[in-house]
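Residue 668 in the working numbering sits at position 112 of the sequence shown; the count goes up by one each step and never skips. Glycine included, every Cβ here is placed at the ideal spot set by N, Cα and C.
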Amino acid sequence: MKISRITSSHVLTTLDLLQVTYPEASCALTHQNPWQLLVATILSAQCTDVRVNLVTPVLFKRFLDPASLAVADQVEVENLIRSTGFFRNKAKNLIGCAAALVRFHKNVVPQELTALIALPGVGRKTANVVLGNAFDIPGMVVDTHVGRVARRLGWATARTPEGVEEQLCKLLPSGRWTQTAHVLIFHGRQCCRAQTAWCSACPVVDRCPQVGVGRQK
Ligand code: SF4
């Protein structure tokens, strides 16, 4: 199956099969509001969601909103988030992000992509996570799992997250963007892994042009 033959309807059917396989696919970062999701997503870079969820309860209790974090002592923040890795840079970004929310957005998280990616520590992936999961505004999140699985399934050819995002957004209706990322992330973690794809157990094996890629489980 060549990518030129892959249609939106083929992709949607494949997605439906994956959704049935992973009914629990959703945002795994614990949060109560957009601000908490923004913080958790910044912390999730190079870190597992499980680890982030262990750290954020204490952080959110200590800093209730952007205004309180904007004036935080960086060393205190570093100590609270140390186990998530890259803690100095993340603490700096969290405080800078909070300060920008206070200064430019009246202490609330904006609902526009351009405003979000202008915040310190916030790239397109983080912005789309917040849009899709905190505001129910379609956002196509492309992380390492989404990029790899989309390329293996023949849905994208781009090598950059931005390129894959653009190709997937063209292929899918906006109402499916947010859930597509959740499903592909689950499939990428549980079956179509980077080093060891488990094609013999894959629910969409007969719809994949790269069956047998890499090492097989
Ligand atoms: S058949 Fe293999 S390579 Fe294709 S999506 Fe499934 S696990 Fe990934």
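Practice prompt. May I have a chain-ordered list of the alpha helix (DSSP H) segments no shorter than 4 residues that lie completely inside the region 695-728?
Written response: 700-708, 717-727
Worksheet entry | Residues of its chain near VAL633, where Cβ-Cβ distance is below 7 angstroms and the 5 sequence neighbours each way are ignored | For the purposes of this step, residue 633 is taken as residue 77 along the sequence shown, with counting starting at 1. ALA647, LEU650, ILE651.
Item to complete: Step through the CB atoms of chain C and report whether any lies within less than 8 angstroms of the CB of LEU687.
Response: Given the protein chain composition of this structure (a single chain), no chain C is represented.
Worksheet item: Quick one, which of GLN772, TYR578, THR577, VAL595 has its alpha-carbon nearest PRO676's?
Response: Within the sequence shown, residue 676 is the residue found at index 120, counting from 1. The candidate whose alpha carbon is nearest that of PRO676 is VAL595.
Practice prompt. Can you grab the Cα-Cα spacing for the pair LYS681 / VAL664, in whole Å?
Written response: Stepping through the sequence shown from its first residue, residue 681 is reached at position 125. Stepping through the sequence shown from its first residue, residue 664 is reached at position 108. If you take the alpha carbons of LYS681 and VAL664, they lie about 19 angstroms apart.
Worksheet item: Should ALA753 be listed as close to the ligand SF4, given that the test is whether its C-beta is under 7 angstroms from any heavy atom?
Response: Counted from its first residue, the sequence shown places residue 753 at position 197. Yes - the ligand SF4 has a heavy atom lying nearer than 7 angstroms to the Cβ of ALA753.
Fill in: LEU615 versus LEU636: straight-line alpha-carbon distance, rounded
The residue given as residue 615 occupies position 59 in the sequence shown. The residue given as residue 636 occupies position 80 in the sequence shown. C-alpha separation (whole angstroms): 6 angstroms.
Worksheet item: Using DSSP with H/G/I as helix, E/B as strand and the rest coil, what is THR640?
Response: Looking up residue 640 in the sequence shown gives position 84. Correct three-state label for THR640: helix.
Practice prompt. Would you kindly check if the distance between the Cβ of GLN746 and the Cβ of ARG771 is under 8 angstroms?
Written response: What you label residue 771 is simply residue 215 of the sequence shown in a count that begins at 1. What you label residue 746 is simply residue 190 of the sequence shown in a count that begins at 1. It is not a contact, given that the beta carbons lie outside the stated cut-off.
Discussion item. In chain order, what are the residue ranges of uninterrupted alpha helix (DSSP H) at least 4 long that sit wholly in the region 576-619?
Written reply: 590-599, 605-618
Practice prompt. Have a look at the DSSP bridge pairing and note the partners of CYS748.
Written response: Numbered from its first residue, the sequence shown carries residue 748 at position 192. According to DSSP, which records beta bridges pairwise, CYS748 is partnered with ALA753.
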